[in-house]
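See below for the structure under consideration.
Number of protein chains: 2
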Amino acid sequence: MRRSIATVSLSGTLRDKLQAIAAARFDGIELFEPDFTNARMSAAELRTQCEDLGLRIELFQPFRDFEGMPQAAFERSLERAEKKFDLMEALGCPLMLVCSNTSPLALPDPALAAEQLRALAERAARRNLRIGFEALAWGRHVKLWRQAWDIVQRVDHPHLGLIVDSFHTFSLKDSPQGIADVGEKLFFVQMADAPLMGLDVIDWARHHRNFPGQGQFDVVGFFEQCVRAGYSGPLSLEIFNDVFRATPNRRIAVDAMRSLLWLEGEVRHRLEQAGAQDAAAAQLLQRQELFDPPPVPAFNGVSFIEFAVDGAHAESLGELLRQLGFQFAGRHRSKAVTLFRQGGIRIVLNQQATSAARERFSVQGPSVCALGLRTGDPVGALNRATALQSARYEAPTGAGEQRLPSIVSPGGVIVHFVDEALGENGLFEKDFILEAEDGAAGAGLQAIDHLAIGLTPDRLDTWVLFCRAVLGLDAADAVKFADPFGLIRSTGMSDAARRLRLVLNMSMSERTRMAQAAQASGGVGVQHIAFASGDLLASVERLKATGLRFVPISDNYYDDLPTRFELDAAFVERLRAAGILFDRSAQGDYLHAYTEPYAGAGFFFELVQRLDDYDGYGAVNAPARMASQAQEERQ
Amino acid sequence: MRRSIATVSLSGTLRDKLQAIAAARFDGIELFEPDFTNARMSAAELRTQCEDLGLRIELFQPFRDFEGMPQAAFERSLERAEKKFDLMEALGCPLMLVCSNTSPLALPDPALAAEQLRALAERAARRNLRIGFEALAWGRHVKLWRQAWDIVQRVDHPHLGLIVDSFHTFSLKDSPQGIADVGEKLFFVQMADAPLMGLDVIDWARHHRNFPGQGQFDVVGFFEQCVRAGYSGPLSLEIFNDVFRATPNRRIAVDAMRSLLWLEGEVRHRLEQAGAQDAAAAQLLQRQELFDPPPVPAFNGVSFIEFAVDGAHAESLGELLRQLGFQFAGRHRSKAVTLFRQGGIRIVLNQQATSAARERFSVQGPSVCALGLRTGDPVGALNRATALQSARYEAPTGAGEQRLPSIVSPGGVIVHFVDEALGENGLFEKDFILEAEDGAAGAGLQAIDHLAIGLTPDRLDTWVLFCRAVLGLDAADAVKFADPFGLIRSTGMSDAARRLRLVLNMSMSERTRMAQAAQASGGVGVQHIAFASGDLLASVERLKATGLRFVPISDNYYDDLPTRFELDAAFVERLRAAGILFDRSAQGDYLHAYTEPYAGAGFFFELVQRLDDYDGYGAVNAPARMASQAQEERQ
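Residue numbers (this note's numbering), protein chains in the order written: chain R, 67 to 701; chain U, 67 to 701.
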């Protein structure tokens, strides 16, 4: 299936955009007319540039305010169309998008609309051009794809067809059901996702669309309908997004391609599942050239976390880990790399033995440079990731050393896929001289509950898509909470079994600690690591006794707590004494505490305990931590 | 009238907020409960701090989900309230805000709500505390102030009254008419403005409120109703705004105070106007202590513009002005300051003789450091401005030199008020050795049409309020347009007679030229100066002949123009040859062209011609300029 993207979706000059689009291996573009109008480049020059880059100009868009107009306006529009047809011929572009009329002059008369579109199709036919008619969600009379389809059917002209756009359908809560019956009259498909927002449809459309898999629409269901209509491409993106407009276009173009590959893969998967009972689906799979990535493997938690450090930090971070109840577990046979363990948690301190660790340290100082994710199928995970445009990471390994299937996540942290058959230590047995386990319980920390990743605003959608497409995680609803210097937006991502949890945090202000840390990390950095305890009160009491410093919580917080939840007074006093925060949802309770940030670096640790099926991350308590830290700084 | 602000309106820790609030000379605060809950400061400490700063704690807010609940929940809420009463007593705070219930458990039963609020008022009375009941726009059953008022009347208890908030009224398109009849039961008034937005009322409320005079609500009409109710304070601000949360709080607190002073002044003005026919209004004026600023004087255009330059820039900018058809008009008697003139335009190049020019040059390089605004009452203008919290600017003047009433605008550009009786040259006759005018027409530039000011996002509302409150300008609807690297938001501000026009531009992206210039200027800088010509085609043709460089406009723009407007083909070709942009509204036409930026500095010139009553600024054409400039850079 040919893949395409509208030029409006990216930042930069038209020339820059084309280069980014070609570099991300698209087959073609939708030319957004203002991009051409403002370019100091003739149609012939643009055509040559596209040809040189291997890009087709699939669609010229938009042609506005055409159908259902009074006669005089209609005639002027036909003249206008002829000028645009001249341009399309010069560009070598075969198809024009006519979006439904928004003019206050438009008449509510589908028969008139049909008559006028027939005249336009007739003129297009003389030049062997085609017209696609699309319902704009804010069209004056034609808002739904079915209304546009009704008019296209009335016209019944070979040079007039239907264009559908998932945004216009879902933003009006309309259903794509029935697009499958449009058949060969479906001339073009535009796919857009978006977050659900209580916003005017026009503002929503012009500022907040994003790529399939980044938002909350049923884009897979929509595109399945198109494929079932027999549509075989181009599959195209027309994305108006304020952040994308302001982000270097190479990065956004990679996300764009990833979103289409993911979308095709999801639809293929659905058709395959239907295939046994559904001959049509099986046949479509034969014919449609849908992208076929390997399935998402099941992940089973975080196998290890690796920090990039220098010698001094190896010492002080090692000391902090010991304070947290970790044991020194071993040393790499040939490199300055050490291992710490507690319960099922493994932490590696890498004195920059690998290039990835070196690079991360040089950007961010001591910080997480790599994660290991546990899975039954590491090679499958790698193949899935590279099929979806992740770069493979080849660690420099010595002779006979363990080699892991690994990728570079957006922004540079390395993700290793670790065979769960190796167990907790198997991975390290070959390369490390391991100490014997002494059976000490440490502080009772058992596993990594979640990782929180701090992102600059231009990285959030990239990471949502990476988590969804490459790792198979779903996004919970985003929450916003207040830091003393601005709002933070937080999105939990996890698999259905809740075995892998990542929290994507973004500061909406430039003045918060989190924003500064995200900036300092080059846009993406692990902000905190949450360790799970089976008895958090006991763990914290033990750790406080060793002198570990937690972020102090205001007494006022504990005075207020019993007004929010029905809690035993003695329990509240234990929380107060330990400085543990509390949250409750319909599913269960959550206890958590934060350590002070590690020696001025951007990261810290959280200790958590989930009771029953609590599924969140205590976001409601984050302001108590952030306010406390700010007060510390100001004193 | 005592003035107050909710702590949620500002950034920072609670301690920081109190200091900023006191520094801006507020009399009190609304304590937003989470600010206290998260503060590591006891109630007694907070009380002492407020007393030390001369701040009352006027209101404790919010107490949620109280009225109209099933019995068990009601009883728990009473217990909760008693805990908060304890806290209020410790704080010395006399009034609690109860906002209407949003709980799904709330019952649609005003009689029950009244009964429960009576019980709460009764308990408050025992401690000599008071309860104010406020309708939240998204309350489950009580959304409008009249519904809340109905319940307060049913209760009829001396310790229960009504709280009104302009946001909750206007966001539901409800009217404040009738608040005047509430009388002494009006316990507290919260004033918020907001831009009109097609957004969910909750998101709108929580992220986009702003100070009176910064938005589009009829805040004056609302507050007039409160004053007519006999309300005598506190006048308070409760503003949830994402930008304010992320901006240094001293700056925002100054805006907050300015907004209240302006609001009081506007209501006073209305009552004065009504006073002759309206005895009640006259009496209120006697009693109410409404702030009384001098009226806004009429402005009559820009008298002069002053650039801060060094010697080299004085030369090259002088050369550019000559190219633009300006004449050298004279030299300051004692300072390195020169004057250029054309038509009614006067431009001063100041080689940093004054401290303001020196400071501006050191921040921004060559740039506008001062404006002169023509008015019949310069001293009145100064008094108005200082009454509304503008800092007076005292220029260092030599013996016998002209001294102007002057202020510092937000961000540092100096605004001088120039007596229009001085005519075009009178201002300069004393201090300058003037050349005789040679009568040459120059390029036919006659006046300054407008100034465009480039602002960082945290400066926009500040400037809207400064323009409205200090200069008496009104805001037109904001427009957004696309730079190749992000969106620009532009707001025209002008007086009713259209004699003074300022355009406030803000980049929504950090990567546009405009954003970079605004950053480089320290947040506020004059971005371009638009000169009016009576015959722009002639002016541009003459200037091009002198070799002046304009931003080149794409041929495609002119190919497209006849499809947008009915224009004579020969006229379009003249526009193309001259590189002039064209816009048309229902009121008239607009022709304009942009010079290339001055030697890498952040500013440039625009040449414009308004035909008939065109009232905009050609925003639709800005993308053609910006795309062209970006292409230039990339080649």
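Yeah, the Cβ is synthetic: ideal placement off N, Cα and C, and Gly gets one too.
- Close partners of K149/R in chain U (Cβ separation under 7 Å): T629.
- Assignment of H335/U by DSSP, reduced to helix, strand and coil, places it in the helix class.
- From the beta-carbon of G264/U, the residues of chain R found nearer than 7 Å are L265, D266 and D269.
- In terms of CA proximity to G446/R, P363/R leads the group P363/R, L517/R, A419/R and C435/R.
- Chain order gives the chain U residues near P550/R as S77, G78 and T79, where near means a beta carbon separation below 7 Å.
- DSSP places F253/R inside the beta strand (DSSP E), whose first and last residues are L252 to M257.
- Taking 9 Å as the cut-off, the beta carbon of Q697/R is found closer than this to the beta carbon of A105/U.
- For L517/R, not one C-beta of chain U is nearer than 9 Å to its own C-beta.
- Y623/U carries a helical assignment under DSSP once its states are collapsed to helix, strand and coil.
- Within the stretch 549–574 of chain U, D549, P550, F551, G552, L553, S573 and M574 place their CB atoms closer than 9 Å to a CB of chain R, listed in sequence order.
- The continuous alpha helix (DSSP H) containing E155/R extends over residues Q137 to L157.
- Shown here, Q418/U sits in coil according to DSSP, grouped into three states, outside any helix or strand.
- At least one C-beta of chain U is nearer than 9 Å to the C-beta of T103/R.
- Within the stretch 125–137 of chain U, no residue has its Cβ closer than 9 Å to any Cβ of chain R.
- Look at the stretch 683–698 of chain R: the residues with a C-beta under 7 Å from a C-beta of chain U are P689, A690, A693, S694, A696 and Q697.
- Restricting attention to A465/U, H335/U, L350/U and L153/U, the CA atom closest to the CA of G249/U is found in L350/U.
- The three-state reading of DSSP puts H225/U in coil, since its state is none of H, G, I, E or B.
- Judged by DSSP in its simplified three-state form, H207/R adopts coil rather than helix or strand.
- Within the DSSP secondary-structure output, D649/U pairs in a beta bridge with Y656/U.
- Rounded to the nearest angstrom, the Cβ distance from H207/R to A172/R is 6 Å, consistent with a contact under 8 Å.
- Secondary-structure assignment with DSSP links L602/R through no beta bridge to anything.
- For C435/R, there is no enclosing alpha helix (DSSP H); the residue is found in the beta strand (DSSP E) stretching over S433 to T441.
- With respect to A86/R, R113/R sits apart: the two C-beta atoms are not nearer than 9 Å.
- Chain-order list of chain U residues neighbouring D543/R: empty, with the shortest C-beta distance near 14 Å, by a criterion of under 9 Å.
- Here DSSP, grouped into helix, strand and coil, assigns F427/U to helix.
- According to DSSP, L356/U shares a beta bridge with no other residue.
- The beta-carbon distance between G558/U and R567/U, rounded to whole angstroms, is 7 Å. This is short enough to meet the 8 Å contact definition.
- Within 7 Å of the CB of R146/R, the CB atoms of chain U belong to T629, in sequence order along the chain.
- In the DSSP assignment, P444/U falls within the alpha helix (DSSP H) that extends over P444 to A453.
- Interface annotation, E607/U: not in contact with chain R, CB-CB separation never under 9 Å.
- Proximity of chain R to P618/U at the Cβ level (cut-off 8 Å) is accounted for by R106, in chain order.
- Look at the stretch 298–325 of chain U: the residues with a C-beta under 7 Å from a C-beta of chain R are D308, R311 and A312.
- With contact defined as three or more Cβ pairs closer than 8 Å, the stretch 378–386 of chain R and the stretch 462–478 of chain R are not in contact.
- Sorting D93/R, A191/R and E486/R by C-alpha distance to the C-alpha of P224/R places A191/R at the top.
- Under the 10 Å beta carbon count, F637/U is surrounded by fewer than 16 other beta carbons and is classified as exposed.
- It is roughly 29 Å from the alpha-carbon of F616/U to the alpha-carbon of V481/U.
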